[in-house]
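**Q** Can you keep this structure in mind? I'll have questions shortly.
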Amino acid sequence: MKKLLLIGIALLIAGIISGCSSSGEESRQADKVVDEIENKSSIAEGGEQTTELANEEVTETEEDANKPSNQDSSNSDDRMVIYTANLSIRVKSYQETLNLVQQQLASSNGYIVESSSYSVGEADSLEGTITVRVPQDKFDSFLKSVENESTKVVDRSISGQDVTEEYVDLESRITSKKVVEKRLLDFMEKAEKTEDLLKISADLAVVQEEIEQIKGRMNYLNNKVDLATVTIHVVEDKVNIPALGNDDLNTWEKTKEQFMNSVNFVLKTCSAVIIFIIGSLPVLLVLGGLFFIMILIIRKRRKHNQGKPPTKPEE
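Residues -23 to -1, 1 to 292, numbered by mature numbering (1 follows the signal peptide of the UniProt record, and there is no 0), are exactly what the sequence shown covers, in order.
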């Protein structure tokens, strides 16, 4: 009886175990079917799922980008710095300085952005401003060469803008945008409805536009970092210093000038006398007539006095 009881208990336990295993298998199969149904429904609803997944992807990637990096960002070799210099100098010749700047730029693969000049003062000395872009590795040597050719450095200022963090942030953003772009392309291949395709296409266009904007900003920063900007204000010191013997060399010129001055003085004097005589002719005739009458009267009196005998003195 004990053996039969033990066999019965064993069979009962085995039945229970087999029932549990079969129910577990059914549960796993049911879960698998549910997953397949959910996957099919997610593909059918591609438009709505696309936007949500894209947003989730962007959020996750941006969170990863905002996490503190374990790399040492203080390495000076990896820094991206935009250098700008302003230089004010005095030179002997503006044109020679401009030629020097052009030669330096030609040898260093730089170029002139803007150049303007104008004349000032009685000596017609030139002043102007030259703005150039020069490779960063030639930046210091270019400044020194321009300063060495000048007579005086009036002002010199150099500034640098560190854009390393901005560039790293742009790299992280463009990476996340490209991931979203790839997923949107995958969704577009799986979408079957026209409205889903239109929705995905619109989202894809926005993401691709953002990628192009980020690329443009990165190219701008790379150009600014690779080529430093230098603005040079040039003032020409043009002083006329007479050479030795300059007075002797100008003797003939001064002689001609003095002769013409004398001739002009004589002509002016004669002209003034003629104008005075002609203009005062009536008065001169009257005065001349009176003067002539006075002379006649004086002569008659002298003749009359000479014809009288001399008077004797009374005793």
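Ideal Cβ positions, reconstructed from N, Cα and C, are used throughout, including at glycine.
1. If you run the structure through DSSP and keep just helix, strand and coil, what is Lys192?
2. Hey, Leu181 and Glu158 are a contact pair by Cβ (cut 8 Å); roughly how many whole angstroms apart?
3. Can you tell me which of Tyr88, Gly105, Ile89, Asn86 puts its alpha carbon nearest to the alpha carbon of Tyr95?
4. Is the number of C-beta pairs between the region 120 to 140 and the region 68 to 75 that are closer than 8 Å three or more?
5. Considering only the alpha carbon of each residue, which of Gln283, Lys154, Val78 lies closest to Lys192?
6. Buried or exposed for Asp173, please, with buried defined as at least 16 other CB atoms from any protein chain shown within 10 angstroms of its CB.
7. Excluding five sequence neighbours on each side, which residues of the same chain lie with their C-beta closer than 7 Å to the C-beta of Arg194?
8. Whole-angstrom Cβ separation of Ile151 and Ala62, contact assumed at under 8 Å?
9. In terms of alpha-carbon separation, which member of Glu143, Lys170, Ile270 lies closest to Asn199?
10. Let me know the beta strand (DSSP E) ranges lying completely inside the region 114 to 158, each 3 residues or longer, listed in chain order.
11. Tell me the DSSP secondary structure of Ser92 in three-state form.
12. Between the Cα of Pro98 and those of Val212, Gln190, Val240, Ile89, spot the shortest distance and give me the residue it belongs to.
13. Since Ser65 and His210 are thought to touch, with beta carbons under 8 Å apart, how far apart are those beta carbons, to the nearest angstrom?
14. Taking the straight line between their C-alpha atoms, what separation do you get for Glu189 and Val131?
15. Under the three-state reduction of DSSP, which class applies to Ser257: helix, strand or coil?
16. Please work out which residues of its chain come closer than 6 Å, Cβ to Cβ, to Lys201, disregarding the five sequence neighbours upstream and downstream, and give them in chain order.
17. Measure the alpha-carbon distance for Gln79 versus Asp203 and round it to whole angstroms.
18. In its own chain, which residues sit with a C-beta less than 8 Å from the C-beta of Asp8, not counting the 5 before and 5 after it?
19. Would Val111 pass as a contact of Ala205 if the rule is Cβ separation under 8 Å?
20. Give the secondary structure of Asn241 by DSSP, where H, G and I count as helix, E and B as strand, and everything else as coil.
21. Gly105 bridges to which residues according to DSSP?
22. Let me know if Leu162 comes out buried or exposed under the rule of 16 or more other beta-carbons within 10 Å of its beta-carbon.
23. Output needed for Leu261: all residues of its chain with C-beta closer than 8 Å, excluding positions within five of it in sequence on either side, in chain order.
24. The beta strand (DSSP E) spanning Ala62 covers which residue range?
25. Where do the N-terminal and C-terminal ends of the alpha helix (DSSP H) with Glu73 fall, by residue?
26. Throw me the rounded Cβ distance for the Leu77 and Val207 pair, which I believe falls under 8 Å.
27. Residues bridged to Arg110 by DSSP?
28. How is Glu166 classed by DSSP in three states: helix, strand or coil?
29. Between the alpha carbons of Asp139 and Val145, how many angstroms are there, rounded?
**A** Let's see:
1. Taking the sequence shown and counting its residues from 1, the one referred to as residue 192 is at position 215. Helix.
2. Residue numbering aside, residue 181 sits at position 204 when the sequence shown is read from its first letter. Residue numbering aside, residue 158 sits at position 181 when the sequence shown is read from its first letter. With 8 Å as the limit, Leu181 and Glu158 qualify as a contact, their Cβ atoms being about 7 Å apart.
3. What you label residue 95 is simply residue 118 of the sequence shown in a count that begins at 1. It is Gly105 whose Cα lies nearest to the Cα of Tyr95.
4. yes
5. By one-based count along the sequence shown, residue 192 stands at place 215. Lys192 has its Cα closest to that of Lys154, out of Gln283, Lys154, Val78.
6. As a position in the sequence shown, residue 173 is number 196, starting the count at 1. That one is buried.
7. As a working mapping, residue 194 is identified with position 217 in the sequence shown. Closer than 7 Å at Cβ, skipping near neighbours: Leu147.
8. In the sequence shown, counting from the first residue as 1, residue 151 sits at position 174. In the sequence shown, counting from the first residue as 1, residue 62 sits at position 85. About 31 Å separates the two Cβ atoms, so there is no contact after all.
9. Reading the sequence shown from its first residue, position 222 is the one you call residue 199. That would be Glu143, whose Cα lies nearest to the Cα of Asn199.
10. 129 to 139
11. Sequence index remark: in the sequence shown, residue 92 carries index 115 (1-based). Strand at Ser92.
12. Taking the first residue of the sequence shown as position 1, residue 98 is located at position 121. According to the sequence provided, residue 98 is Gly. The question's Pro does not apply to it. Considering only alpha carbons, the answer is Val212.
13. As a position in the sequence shown, residue 65 is number 88, starting the count at 1. As a position in the sequence shown, residue 210 is number 233, starting the count at 1. The Cβ separation is near 4 Å, so the contact holds.
14. The residue you call residue 189 lines up with position 212 of the sequence shown. The residue you call residue 131 lines up with position 154 of the sequence shown. Using only the alpha carbons, I get a separation of about 44 Å.
15. What you label residue 257 is simply residue 280 of the sequence shown in a count that begins at 1. Ser257 falls in the coil class under three-state DSSP.
16. Reading the sequence shown from its first residue, position 224 is the one you call residue 201. Same-chain partners within the cutoff: Ile59.
17. By 1-based counting over the sequence shown, the position of residue 79 is 102. By 1-based counting over the sequence shown, the position of residue 203 is 226. Going by the C-alpha atoms only, they are around 19 Å apart.
18. For this step, residue 8 is matched to residue 31 along the sequence shown. Per-residue confidence for Asp8 stands at a pLDDT of 48, beneath the threshold of 50, marking its modelled position as unreliable; the derived number appears in the next sentence. Same-chain partners within the cutoff: there are none.
19. Along the sequence shown, read from residue 1 onward, the residue named residue 111 stands at position 134. Along the sequence shown, read from residue 1 onward, the residue named residue 205 stands at position 228. The answer is yes: Cβ separation under 8 Å.
20. Residue 241 sits at position 264 when you count from the first residue of the sequence shown. Residue state, collapsed to three classes: helix.
21. Start at 1 with the first residue of the sequence shown, and residue 105 comes out as number 128. Looking at the DSSP assignment, Gly105 forms a beta bridge with Ser94, Val211.
22. Translated into the one-based positions of the sequence shown, residue 162 becomes position 185. Label assigned to Leu162: exposed.
23. Position 284 of the sequence shown, counted from the first residue, corresponds to residue 261. Excluding positions up to five away in sequence, the list reads Ile254.
24. As a working mapping, residue 62 is identified with position 85 in the sequence shown. Residues 58 to 68.
25. For the purposes of this step, residue 73 is taken as residue 96 along the sequence shown, with counting starting at 1. Element bounds for Glu73: 71 to 85.
26. One-based indexing of the sequence shown puts residue 77 at position 100. One-based indexing of the sequence shown puts residue 207 at position 230. Not really, about 13 Å apart at Cβ, beyond 8 Å.
27. On the sequence shown, position 133 is the one that residue 110 refers to. Answer is Tyr88, Thr206, bridged to Arg110.
28. By one-based count along the sequence shown, residue 166 stands at place 189. Looking at Glu166 - three-state DSSP - the assignment turns out to be helix.
29. Along the sequence shown, read from residue 1 onward, the residue named residue 139 stands at position 162. Along the sequence shown, read from residue 1 onward, the residue named residue 145 stands at position 168. Their Cα atoms are separated by approximately 12 Å.
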